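Residue numbers (the working numbering): 1 to 203.
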């Protein structure tokens, strides 16, 4: 088994944080995304979408997509659970994971990919107006999330989950996307500090 990893990119990092929380070690194969190695033939054969991370199993099976890879490891190593407990707990994690991924993670990524000069060769066509349009959407969602976090420690309830991992990576990715968390969103800032203090955050 080996995990093709993209370094500082947020999606590969989500898997590394997940594995760190589980205490699972998987051999990493570094892929130089700056050098466009993820678009070369070896990676394209494994993932025609040319995206990372990619998990290659011992039998040659290939898994792509961050949450799919995390679900695979959750099934193999159910404790500590990061997808919730019981019908309601799992549904709450699924709901908040999807909300954060669609309304925060995606928006930050679009702002970065369509505005940052380094992304010109990646995002064709690069549409700066679309990148700028996503910034207020991110802030609107963060205001909603701030209200939700007023009475709980983590995104989906009292327990840390994959929704928090997605949130951590999205918030950290706001810096290169040149989006700042408004200082009045104290619950979001507290949440980010809590997530950042976990040993897994450095994975």
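Even glycine gets a Cβ: it sits at the ideal position worked out from N, Cα and C.
Quantities reported herein were computed from a predicted structural model and do not represent experimental measurements.
For residue 70, which of 40, 12, 60, 151 has the nearest alpha-carbon? Translated into the one-based positions of the chain shown, residue 70 becomes position 70. The option with the nearest alpha carbon to residue 70 is 12.
Are the CB atoms of residue 166 and residue 73 within a distance shorter than 8 Å? In the chain shown, counting from the first residue as 1, residue 73 sits at position 73. In the chain shown, counting from the first residue as 1, residue 166 sits at position 166. No, these two residues do not count as a Cβ contact at 8 Å.
Cα-Cα separation between residue 114 and residue 133, rounded to whole angstroms: The sequence position of residue 114 within the chain shown is 114, counting from 1. The sequence position of residue 133 within the chain shown is 133, counting from 1. Those two C-alpha atoms are separated by around 10 Å.
Check whether the segment 159-177 touches the segment 4-24, counting contact only when three or more Cβ pairs, one atom from each stretch, lie closer than 8 Å. yes
Our contact map puts residue 183 next to residue 116 with C-beta atoms below 8 Å; I'd like the distance itself, whole angstroms only. Residue numbering aside, residue 183 sits at position 183 when the chain shown is read from its first letter. Residue numbering aside, residue 116 sits at position 116 when the chain shown is read from its first letter. About 24 Å separates the two Cβ atoms, so there is no contact after all.
Contacting residues, own chain, Cβ-Cβ under 7 Å from residue 90 (five flanking each side not counted): On the chain shown, residue 90 is found 90 positions in, with the first residue counted as 1. Cβ within range, chain order: 83, 84.
Just to check my reading of the structure: residue 6 and residue 52 have Cβ atoms closer than 8 Å, yes? What is that Cβ distance to the nearest angstrom? Within the chain shown, numbered from 1, the residue matching residue 6 stands at position 6. Within the chain shown, numbered from 1, the residue matching residue 52 stands at position 52. Yes, they are in contact, since the Cβ atoms of residue 6 and residue 52 sit about 4 Å apart, within 8 Å.
Would the segment 57-68 and the segment 121-141 be scored as touching if the rule is three or more Cβ pairs under 8 Å? no
Nearest-angstrom Cβ-Cβ length linking residue 164 and residue 154, presumed shorter than 8 Å: Working through the chain shown from its first residue, we reach residue 164 at position 164. Working through the chain shown from its first residue, we reach residue 154 at position 154. Sure, about 5 Å apart at Cβ, within 8 Å.
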